Amino acid sequence: MITTVAAVISAATIAVAAAACRSCVIGIENSCCGYSLTNPKFWMHSGYNDNPLSPNVDPRSMRLCSFSKFAMEARGAAGVLTYDLQKNSADGLNYYSSNKLIAVMFSVPFDYNFYENWLAVGIFDQTQTCDEELFNLMYYGSGTNFKRGRAKDGEIKLKIDSVEIKAAMSNEYMAILRVEVSDNCKVQNERG
C-alpha cells in the first residue's frame, strides 16, 4: 500500500517534525482519477501545524504535511484535518462539488505509559466542520462514516460509495501516517 508515499517523504520534513519529539508526518496520496482534494482545513487538540497542508491534492499525486507538539509542554500532537472531495470535469480543468469531504484524525501522545497512537479516516457531508466536535467524534465516538484504529493494529480501510480510504500509521513518537484515497475508476481503467 502507498509505496510512492514512502519514497517521497523527504528527510527535511521528517527532520523538522523530529525536532519536536512528538510529531505526525502525514502523506496524502490521491490515487483517484475522478476526484481532487481541495479546501484543506485542520483543527488541533494539542500541538501545531509545522508543514502546511497543500491547497490541492490533484489526481495521481501525493502531498505531505506535518504536526508537532509545542516545546515545553507535556502534551502530544493530536488533531483532525479535512479535504473537500471535488469531482473533476472531463477535461480536468474544472471542479464540481461532490458534497463530500474526507477527514483524517491522528493522535500522537506525550505519555506512552497511559496512551498510544490512534488514527481514523472518514467520509462526511461537506457541511461537516473541521473542529473539536469532529475530532471528538472520530477519537471517542462511533459511526458508519468513519473508521478508527490503533496504529499498532495496522491498516484501516473505509469505503463509501465509490471512494475508498486506506491508512496506516507507525507506532512511534515521530509517527508517519500514510493515507491513500482512491475511486472506482482505477479498477475500470485496469479492465479497459
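Numbers -19 to -1, 1 to 173, taken from mature numbering (1 follows the signal peptide of the UniProt record, and there is no 0), label the letters of the sequence shown in order. Where is the CB? At the ideal position from N, CA and C, for every residue including glycine. For clarity, every value in this text was computed on a predicted model and none was experimentally measured.
Three-way DSSP call (helix, strand, coil) for residue i in this model
i: Met119; result: helix
i: Glu97; result: coil
i: Asp134; result: helix
i: Cys5; result: strand
With 16 other Cβ atoms within 10 Å as the buried cut-off, status of residue i
i: Tyr16; result: buried
i: Phe95; result: exposed
i: Tyr77; result: exposed
i: Arg41; result: exposed
i: Thr63; result: buried
i: Gly135; result: exposed
i: Asp112; result: exposed
i: Met53; result: exposed
i: Asp164; result: buried
i: Asn75; result: exposed
Integer Cβ distance of residue i from residue j, believed to fall under 8 Å
i: Leu34; j: Ile83; result: Wrong, their Cβ atoms sit about 12 Å apart, outside the cutoff.
i: Phe51; j: Asn30; result: With 8 Å as the limit, Phe51 and Asn30 do not qualify as a contact, their Cβ atoms being about 12 Å apart.
i: Glu97; j: Arg131; result: 6 Å
i: Gly57; j: Arg3; result: 5 Å
i: Val160; j: Ile7; result: 7 Å
i: Phe87; j: Gly60; result: 7 Å
i: Asn126; j: Ile141; result: 6 Å
i: Asn20; j: Asp92; result: With 8 Å as the limit, Asn20 and Asp92 do not qualify as a contact, their Cβ atoms being about 34 Å apart.
i: Asp106; j: Asn80; result: 6 Å
Identity of the residues DSSP links to residue i by a beta bridge
i: Met43; result: Glu10
i: Lys68; result: Tyr16 and Tyr77
i: residue 176; result: Outside the shown range of the chain (-19 to 173) lies residue 176, about which nothing can therefore be said.
i: Met155; result: Ser4
i: Asp164; result: Val144
i: Ser49; result: Ser4 and Tyr29
i: Ser35; result: According to DSSP, Ser35 bridges with nothing at all.
i: Ala55; result: According to DSSP, which records beta bridges pairwise, Ala55 is partnered with nothing at all.
i: Thr63; result: Lys22 and Ala84
i: Asp112; result: Paired residue(s): none; Asp112 is not in a bridge.
i: Asp106; result: Lys81
Which listed residue (the options) has its alpha carbon closest to that of residue i
i: Ala149; options: Phe116, Lys133, Met53 and Pro40; result: Lys133
i: Met25; options: Tyr64, Asn117 and Cys13; result: Asn117
i: Val38; options: Met53, Asn11 and Glu54; result: Asn11
i: Ile146; options: Gly103, Met155 and Gly135; result: Gly103
i: Met155; options: Cys13, Leu139 and Val89; result: Val89
i: Met119; options: Val162, Thr110, Gln109 and Ala101; result: Ala101
i: residue 181; options: Leu139, Arg44 and Phe23; result: With the chain running from -19 to 173 in the structure shown, residue 181 is simply not present.
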